[in-house]
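Take a look at the structure below.
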Amino acid sequence: MHENGLKPGSTIGILGGGQLGRMLAVAAAELGFRCHVYCPDGESPAFDVAAARTVASYENEAALAAFAGSVDVITYEFENVPASTAEVLSGQVAVLPGVTALAASQDRLAEKELIRSLGIDVAPFAAVDSLGDLEAALEALGRPAILKTRRFGYDGKGQAKLMPGDDAAAAYESIGQRPAVLEGFVSFVREVSALVVRGRGGETAVYDITENVHRNHILYTSTVPAVIRPETAAEARALGIRIAEALDYVGVLAVEMFVVEEGTFERLVVNEIAPRVHNSGHWTQDGAGASQFENHIRAVAGWPLASTARHSDTVMTNLIGADADDWQRFAAEPGARLHLYGKAESRPGRKMGHVNRISPKRG
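Offset between the sequence shown (1-based) and our numbering: plus 101.
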């Protein structure tokens, strides 16, 4: 790599071909980079906007070697890329964020233990490797509680809520009796996220803290500014930077948190981290001077980071399943910016696009 970062015309490899990869590739193109997307799914929406593609499994070492030989740096758009894949690739070319961050985020138990080791509050939790472990954990943590698989869960998949009277054995069966974590209930007033970007030289910047609302375990809206105290926002930024530095992170990192009210005080409890650009950062495409996608590309390419300053109040709304069929209405709405992902088929629960509604900045 050039001492001032990758030169325009260099090729950035992206593992994963979903909408996040698509938006990364668009941002990279605007900075003069080419993108090569590697994904097992031949119908991946990121392929539409990439200069090159590889359709192969993440375990295909010959395809991985050829991919690594064709690019100047590799990043990824989702955290369930096997850590072994990243290790194979990193023997040939830089993989950013690094394998440490990827591995930590893939195991909910390891992730929670890391966050707790930094002196940061997390929801009470216990490891579950058997029905007996689950029953003991419920006795210790109480109900309601949430049972989550340690690996490969997103958008509510691989988890079960346990209310008073619910059958523990049935809940354990519903997640496939896989290694899991039981999380104690946190009585929060809102959910927020910090989007941290950290460069190859260790420089950091954080977007304005985002307030998130979920429906059926899927993000529904993200709003900036979040309705939290200034000191709480400052603490959320500091926590995000602390986690990014502990992981020696490069790129955009999302840290999701609960805000707990204790009298007149707001306490932050970290829920989970995502080592990638994140759905709750989509507002940055239209509400900030530089999007999370541009800043992620800048970071992994070794370029200076762009400003994370917000210029508009923004509400991002996900378009799930048939919501996107209303594209004409959204396209005609003043102040609305429509982003569609080019997916061939809308299915219930599938993210098809999003709308950013911007208005003059008030605070």
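We treat Cβ as the ideally placed atom computed from N, Cα and C, and that holds for glycine. Remember, it's a predicted structure, so these values are computed and weren't measured experimentally.
Any non-hydrogen atom of the ligand ADP within 7 angstroms of residue i CB
i      : result
Phe226 : Questions concerning the ligand ADP fall outside what the structure shown contains, since it holds no ligand whatsoever.
Expected contact under 8 angstroms - CB spacing of residue i and residue j to nearest Å
i      : j      : result
Val371 : Val229 : 20 angstroms between Cβ atoms; not a contact.
Gly382 : Ile421 : Their Cβ separation, rounded to whole angstroms, is 18 angstroms, which puts Gly382 and Ile421 out of contact at 8 angstroms.
Val416 : Thr324 : 5 angstroms
Gly436 : Arg411 : Gly436 to Arg411, Cβ: 16 angstroms. No contact.
Val127 : Val150 : 5 angstroms
Glu178 : Leu203 : With a Cβ gap of about 12 angstroms, Glu178 and Leu203 do not count as contacting.
Ala205 : Leu348 : 7 angstroms
Ala498 : Ser447 : For residue 498 there is no data in the structure shown, the boundaries of the chain being 102 and 464.
Neighbourhood of residue i by C-beta distance below 7 angstroms, restricted to the same chain and skipping five residues each side
i      : result
Arg463 : Asp414
Ile342 : Val297, Thr305, Val307
Gly243 : Gly285
Glu336 : Leu369
Val360 : Phe289, Val290, Arg291, Val293, Ile329, Thr333, Glu367, Leu369
Ser392 : Ala128, Thr385, Gln386
Beta-bridge partners of residue i, as assigned by DSSP
i      : result
Gly50  : Outside the shown range of the chain (102 to 464) lies residue 50, about which nothing can therefore be said.
Ile57  : In the structure as shown, the chain begins at 102 and stops at 464. Residue 57 is therefore absent and cannot be evaluated.
Pro461 : Ser413
Ile374 : Val356
Gly454 : Leu420, Leu441
Ala295 : Val356
Leu369 : Val360
Val196 : Ile175
Spatial neighbours of residue i in its chain, beta-carbon cut-off 8 angstroms, leaving aside the 5 residues before and after
i      : result
Phe134 : Leu107, Pro109, Gly110, Ser111, Thr112, Ile113, Ile398, Ala402
Phe148 : Gly118, Val138, Cys140, Arg154
Ala473 : It is not possible to answer for residue 473, since the shown part of the chain is limited to 102 through 464.
Leu441 : Leu420, Ala425, Trp428, Met453, Gly454
Leu467 : The chain is shown only over 102 to 464; residue 467 falls outside these bounds and no answer can be derived.
Other residues of its chain near residue i: CB distance less than 6 angstroms, five sequence neighbours each side excluded
i      : result
Glu373 : Glu357
Ala345 : Val297, Arg299, Leu354
Thr198 : Inspection of the sequence shows that residue 198 is occupied by Pro rather than by Thr. Answer for Pro198: Tyr350, Val351, Gly352, Pro376, listed in chain order.
Ser158 : Pro141
Ala195 : Val174
At a cut of 8 angstroms, does the region 241-251 reach the region 275-283 through at least three beta carbon pairs?
Taking a contact to require three or more Cβ pairs closer than 8 angstroms, the region 241-251 and the region 275-283 qualify as touching.
Would you mind listing the alpha helix (DSSP H) stretches within the region 301-358 that are 4+ residues and don't spill past its ends, in chain order?
Counting only runs of 4 or more, we get 331-347.
Is there contact here, the region 183-190 with the region 228-245, by at least three beta-carbon pairs under 8 angstroms?
Cβ pair count under 8 angstroms is below three, so no.
Ignoring anything shorter than 4 residues, give me the alpha helix (DSSP H) runs that lie fully in the region 379-431, in order along the chain.
With a minimum length of 4 residues, the continuous alpha helix (DSSP H) runs that stay inside the region 379-431 are 385-388, 393-402.
Count Cβ pairs between the region 367-383 and the region 108-128 that sit closer than 8 angstroms; are there 3 or more?
Cβ pair count under 8 angstroms is three or more, so yes.
Ignoring anything shorter than 3 residues or poking outside the region 206-236, list the beta strand (DSSP E) runs there in chain order.
Here the runs fully enclosed are 226-229.
Identify every run of the alpha helix (DSSP H) within the region 146-170, keeping only runs that are complete inside it and at least 4 residues long; order them along the chain.
The region 146-170 contains these whole alpha helix (DSSP H) runs: 162-170.
Ignoring anything shorter than 4 residues or poking outside the region 254-278, list the alpha helix (DSSP H) runs there in chain order.
269-275, all fully within the region 254-278.
Pairs of beta-carbons, one from the region 288-297 and one from the region 260-271, closer than 8 angstroms: are there three or more?
By the Cβ criterion, the region 288-297 is not in contact with the region 260-271, since fewer than three pairs of Cβ atoms, one from each stretch, lie closer than 8 angstroms.
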